[in-house]
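Structure, as structure tokens:
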Amino acid sequence: MMRRDERRALAAETVEILERGWYADGSGRRVSVAGELAAAVAGTRLWTPDELTGLLTAHGERSGGRTPGAADPVPSGRVEVVNETSLSAARRLADTGGPVGDPVGDPVGCLNFASAKNPGGGFLNGSEAQEESLARSSGLYRCLVGVQDFYGFHRGQGDLLYSHRAIFSPAVPVFRDDRGGLLAQPYPVSFVTAAAPNAGAMRGDGPRLERVPEVLSERAARVLALFAASGVRRIVLGAWGCGVFRNPPELVASVFAGHLGPGGAFHGTFDRVVFAVLDRAPGTPTHDAFARAFRSQAG
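Under my numbering, the first residue of the sequence shown carries the number 399, and numbering increases by one thereafter.
See below:
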């Protein structure tokens, strides 16, 4: 595991790469990301709560004819829970198309477990969580810094439930691996950036805490609707808000299982869903909460 100063140095190098638009890989070959990065930045946009509600409503209208429990055209094994990083899961899908039968080359999406107030979280200072890893390893930070309405709103409104606002960034070049190494060939990932409620900072605020399950479910549905409306059918999710935001893994897992499982609004919507739940704790309790949720769903 990298030290904080090492992560800080990598973050500074990433910012330099994004500014000049290229890097030298391990063999010294120059690898350009300028065109891909410019397209990702240009395509990045903020989605308001009302717009996302519209996407969710439209999705429900399109899928409303499906009978809960009816035969699904997508294989039942489409949801996978793995003990790995979001980067590792995204690269696996991008490189191989995932398990046999998934078409290589289809868009890969990843949920960025966002800080509501700072683009990239604390990655510039060497902090380490999922968003920081993504920002350190890709062009995501450059996409997010241009969407100050997302961060300014949350800094100003003071509600730790945060809002349903989300940012979509298409085909962002990813150019590092989990160890920080520069890749010979970058790969594109489309990111949805959304903040889970900060349950950990609401301790003692009973009325707010009581609203967390409802808000989390509403926000997760809008994240899925945004991926679907953007044509992204292979997505990497995970233990969203289960770190410093202290949302219970059982709750987050059950919310996603409800949306993606039989009878859920997004059952059969995606070709592949990978829950990348990196869990180094003894007994892997967070990973196992997600594994149980989707195991029980499968019967």
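A virtual CB, placed ideally from N, CA and C, is assigned to each residue, including glycine.
Checklist entry - Is Cys-541 helix, strand or coil when you go by DSSP? => result helix
Checklist entry - Is Val-642 buried or exposed, if buried means 16 or more other CB atoms sit within 10 Å of its CB? => result exposed
Next on the checklist: I'd like to confirm the pairing. Which residues does DSSP put opposite Gly-441 in its beta bridges?
Outcome noted: Note: Gly-441 sits in no beta bridge, so no partner.
Checklist entry - Are there three or more Cβ pairs, one per stretch, closer than 8 Å when the region 589-605 is compared with the region 613-621? => result yes
Checklist entry - CB Asn-645 to CB Gly-636, shorter than 7 Å? => result no
Checklist entry - Taking the beta strand (DSSP E) that Val-506 falls in, what are its first and last residues? => result 506-511
Item to check | Three-state class that DSSP yields for Glu-612 in the structure shown | outcome: helix
Next on the checklist: Less than 7 Å between C-beta atoms, sequence neighbours within five positions excluded: which residues of the same chain meet that for Asp-576?
Outcome noted: Thr-483, Leu-485, Ser-486
Checklist entry - If you draw a straight line from the alpha carbon of Leu-416 to that of Phe-566, how long is it in whole angstroms? => result 19 Å
Next on the checklist: DSSP has Arg-632 in a bridge; who is on the other side?
Outcome noted: Val-506, Arg-670
Item to check | Contacting residues, own chain, Cβ-Cβ under 8 Å from Pro-683 (five flanking each side not counted) | outcome: Pro-647, Asp-677
Item to check | Given 8 Å, three or more beta-carbon pairs between the region 528-539 and the region 549-563 | outcome: no
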